[in-house]
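Below is one structure, written out as structure tokens, with a few remarks after it.
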Amino acid sequence: MAAQGVLPTPEYSRNMRLIGHSDQGGKPDGVQVMVHRGFAYVGHMVSQGVSIIDVRDAKKPRPAGFITAPPNTWNVHLQAHDDLLLVINARDLFADASFAEEKVYYTRSVAQTVSTRQEGRSWSAGLRIFDISVPDKPREISFLPLDGIGIHRIWYVGGRWAYVSALLDGYSDYIFSNH
Numbered sequence: 016m017a018a019q020g021v022l023p024t025p026e027y028s029r030n031m032r033l034i035g036h037s038d039q040g041g042k043p044d045g046v047q048v049m050v051h052r053g054f055a056y057v058g059h060m061v062s063q064g065v066s067i068i069d070v071r072d073a074k075k076p077r078p079a080g081f082i083t084a085p086p087n088t089w090n091v092h093l094q095a096h097d098d099l100l101l102v103i104n105a106r107d108l109f110a111d112a113s114f115a116e117e118k119v120y121y122t123r124s125v126a127q128t129v130s131t132r133q134e135g136r137s138w139s140a141g142l143r144i145f146d147i148s149v150p151d152k153p154r155e156i157s158f159l160p161l162d163g164i165g166i167h168r169i170w171y172v173g174g175r176w177a178y179v180s181a182l183l184d185g186y187s188d189y190i191f192s193n194h
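Counted from 1, the sequence shown has number 59 at position 44 by the numbering used here; the numbering is strictly sequential.
What follows is the structure in structure tokens.
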């Protein structure tokens, strides 16, 4: 851990210089970062939620809030644009006892992995949408629930539509085409 006021030494960098550091409010497991109007929104793999970091002073970023995920739910991917923050809700596979052995995840069919019919559902699957017109005070304005384990990836660049790939109940295979 770096001493107060001393930046940690990067393990590897080329053509970059570290100017600021944040431990994200004690949640260093950030996965995806979106910056909007001077605030970074960081989706987490383990901490189950989204950190809000004030980065208006890049040399002194500071935690500004945290959006807690529903129980047993990942918020690993997110997108910000047009004063909207779109956050995926998906089953937290690390918290799920049926995936305690990593091999289980890789040896099941896709249909078995994403199915919620075999067990009680203890997580939230879908898309949460927040108004971030006040960047450090997000307000949830909508939720799109989905069957299955939830959303895997999301892409949003503003406007009416977002691209979302979801792992839905009944999904059993990939579809390939040469057309």
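For each residue, glycine too, the CB sits at the ideal point set by N, CA and C. The structure presented is a predicted model; accordingly, all values stated were derived computationally and were not measured.
| task | Taking only the alpha-carbon atoms, compute the straight-line gap between MET16 and VAL102 and give it to the nearest angstrom. | result | With a pLDDT of 46 at MET16, under the threshold of 50, the modelled position of this residue cannot be trusted; read the value that follows with caution. In a straight line, the C-alpha of MET16 is about 30 Å away from that of VAL102.
| message | For ASN104 and MET31, what's the separation of their Cα atoms in angstroms? | response | 33 Å
| field | Coil, strand or helix - TYR171 by DSSP | value | coil
| Same chain, Cβ closer than 6 Å to TRP89, five either side skipped, listed in chain order | For TRP89, where only same-chain residues beyond five positions count, the Cβ hits under 6 Å are ALA105 and ASP107.
| request: Keeping to the same chain, check which residues put their C-beta closer than 7 Å to that of SER139; ignore five residues upstream and five downstream. | output: Closer than 7 Å at Cβ, skipping near neighbours: PRO85, THR88 and ASN104.
| query | For ALA73, does the count of other Cβ atoms within 10 angstroms reach 16, so buried, or fall short, so exposed? | reply | Here ALA73 is exposed: its Cβ has fewer than 16 other Cβ atoms, across all protein chains shown, within 10 Å.
| field | Bridge-paired residues (DSSP) for THR122 | value | The partner list for THR122 (beta bridge, DSSP) is empty, contrary to what the question assumes.
| field | ILE68 versus ARG175 - alpha carbon distance | value | When the Cα atoms are used, ILE68 and ARG175 turn out to be separated by approximately 27 Å.
| message | By the DSSP assignment, the beta strand (DSSP E) with PHE81 in it spans what residues? | response | 77 to 83
| task | Can you check DSSP and say which residues form a bridge with SER180? | result | ARG168
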